[in-house]
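There are 2 protein chains.
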Amino acid sequence: MNTPNAIERRRREQAATPTPDKRSRRSHEQRSAETQSALVEAAIEMLREVGYAGVTTAAVARRAGCTTGAMHHHFGSKEELMLAVLTRLSLEFEALYLAFKLLADLPLSRRCEKVVEMLADYYIGPRYVAVWELYVGTRCERSLNELCVKNRKRVVSKLESVWLQIFADVETTRADLVALLRFALTFLRSLGLDHTLGTDPGATAAQREILRATLVDRISASASARKGGRR
Amino acid sequence: MNTPNAIERRRREQAATPTPDKRSRRSHEQRSAETQSALVEAAIEMLREVGYAGVTTAAVARRAGCTTGAMHHHFGSKEELMLAVLTRLSLEFEALYLAFKLLADLPLSRRCEKVVEMLADYYIGPRYVAVWELYVGTRCERSLNELCVKNRKRVVSKLESVWLQIFADVETTRADLVALLRFALTFLRSLGLDHTLGTDPGATAAQREILRATLVDRISASASARKGGRR
DNA sequence: TCCTTTACATATTACATAGTATGTAAAATG
DNA sequence: CATTTTACATACTATGTAATATGTAAAGGA
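Chains as they are written, first to last, in this note's numbering: chain F, 1 to 231; chain L, 1001 to 1231.
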């Protein structure tokens, strides 16, 4: 009762775009790309709203404006769809790294502030919950989970490298620097989940501020350790 | 093939305890209490290992050494079992509050250290993941989730009261004090999940230490604000 | 000791969901 | 324009799971 309506709606939407020909008569390549993208996006939204276990192929297809037939045509299995989701989410996160590097020549505390702010914005945003669900919600699906965990390690490891680059001028052991990043990430994970899934997103700001202050303090302290001669 | 063996094993175990009569011939009350407890405990373990969605009534029953028949006899539905789990876990956590209050007359920084240490130990422990799964993994089960969320609010709110009591001598606004607790809890949630579910529990210690230092610093700073006159 | 109640086990049902099989219309190709 | 290939939709199957229905042995009175 709902499904065909959604599909029809999508058809009309597509037909109604500026260049009707571009939509109503698309190449195979375009059709595929658009449908696949819609499926991945729908899956991400559902991961956020109902968690991995709550994601059904039928619901994803409906939300994407197609059917399970299309879904299986493009992805073969739910697992493959989730791998596509993993890829998209990873790329989005790694896109931040470029922005981080651009901050490298700000004064230290400002730089630290900015990086933490951008990280926090990401974790607070709607995408992170989906990432979390991929890593944790797939615990039962052995093979899928293994890939997610492996990917997570890769992404975090890369981020640690970038972090060390950005703060290369801070005079501490690399271990200390990395520990600080890990501390921030651990905190932000939970903050993000709470912000997106919890009942009062208003509580977020104060906690963010404490994190900001803590990191700036510690980074600055490390930096001045040599100069000031204390520690 | 596995089920009857497990049930027989449990029978033998029960028969093999010091006082055979106490086990082989138990009162109805005892039988009920023991079976219910075993079911709740099994459910908690499964919540940790496979998450809420992965918990099946059959698997819980098998692990508890009984069958789904017994499970439905005692709890009526999966939801009711989960409510029993919620109750047990809440009581366990709230038991900590008593211990916290005993610390109230330690010197400030030592007191703060101790409280954070005990909180961290709890979150790092095997129970917290189950709590988390109850709050987050039940998102789809409207009614159950609502109860879990309401309960969480109650428990956290109580903890905030206790926290304010313990640190009543610190000269700051209550809001600042509570913000500090929330910061710690947000961090510890994620740390606990990572420790229990993640691949390297070894990374936990360093992060704990950063939290400890941060809290002690901030609490001490608040306390000396009046005396020292700075801020 | 008989009878009732309780605490289970076993068998069955109803339902949701991932995946398959098949048909069809739209694009690509010659 | 004819033929093939692609991108889907629809219908169906297989499987797992919560819940129910029913049977049985153990406990608790009378």
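Glycine included, each C-beta is placed from N, C-alpha and C at the ideal position.
Item to check | Simplified DSSP assignment, three categories, for residue 55/F | outcome: coil
Item to check | chain L contact for residue 110/F (CB, 7 Å cutoff) | outcome: no
Item to check | CB-CB length for residue 1129/L against residue 1193/L, believed under 8 Å | outcome: 6 Å
Item to check | Cβ-based contacts, 7 Å cut-off: residues of the segment 193-215 of chain F near chain L | outcome: 194, 197, 199, 203, 206, 207, 210, 214
Checklist entry - Can you tell me whether DSSP reads residue 139/F as helix, strand or coil? => result coil
Next on the checklist: Quick check: what's the CA-CA separation for residue 174/F versus residue 1154/L?
Outcome noted: 42 Å
Next on the checklist: Quick check on this structure: which residue in 52/F, 47/F, 137/F, 163/F has the alpha carbon closest to the alpha carbon of residue 273/F?
Outcome noted: It is not possible to answer for residue 273/F, since the shown part of chain F is limited to 1 through 231.
Checklist entry - Quick one, are the C-beta atoms of residue 149/F and residue 88/F less than 7 Å apart? => result no
Item to check | Pair within 7 Å by beta-carbon distance, residue 1263/L and residue 1042/L | outcome: With chain L represented from 1001 up to 1231, any question about residue 1263/L goes unanswered, as that position is not in the structure.
Next on the checklist: Looking at chain L, is there any beta carbon in it that lies within less than 7 Å of the beta carbon of residue 21/F?
Outcome noted: With a pLDDT of only 43 at residue 21/F, under 50, the local geometry of the prediction cannot be trusted, and no value is derived from it.
Checklist entry - Taking the alpha carbon of residue 1044/L as the point to measure from, which residue in 1125/L, 1215/L, 1221/L, 1159/L has its own alpha carbon closest? => result 1125/L
Checklist entry - DSSP three-state call for residue 201/F: helix, strand or coil? => result helix
Item to check | Nearest neighbour of residue 1091/L, chosen from 1032/L, 1152/L, 1141/L, 1036/L [CA to CA] | outcome: 1152/L
Item to check | residue 1106/L versus residue 197/F - alpha carbon distance | outcome: 37 Å
Next on the checklist: In this structure, how does DSSP classify residue 1170/L when only helix, strand and coil are distinguished?
Outcome noted: coil
Checklist entry - In its own chain, which residues sit with a C-beta less than 6 Å from the C-beta of residue 211/F, not counting the 5 before and 5 after it? => result 187
Next on the checklist: What would DSSP say about residue 1068/L, mapped onto helix, strand or coil?
Outcome noted: helix
Checklist entry - Is residue 1142/L buried or exposed, if buried means 16 or more other CB atoms sit within 10 Å of its CB? => result exposed
Next on the checklist: With a threshold of 7 Å between beta carbons, is residue 148/F in contact with chain L?
Outcome noted: no
Next on the checklist: Using a 10 Å radius around the Cβ and a threshold of 16 neighbouring Cβ atoms, would you call residue 137/F buried or exposed?
Outcome noted: buried
Checklist entry - Looking at the unbroken alpha helix (DSSP H) that takes in residue 1027/L, where does it start and where does it end? => result Looking at the DSSP string, residue 1027/L is not in any alpha helix (DSSP H), and its letter there is neither H nor E.
Next on the checklist: Below 6 Å, is the gap between the Cβ of residue 133/F and the nearest heavy atom of the ligand SAM?
Outcome noted: As presented, the structure is devoid of all ligands, the ligand SAM included, so that no description of it is given.
Next on the checklist: Suppose contacts are defined by Cβ-Cβ distances below 7 Å. Is residue 223/F in contact with residue 119/F by that definition?
Outcome noted: no
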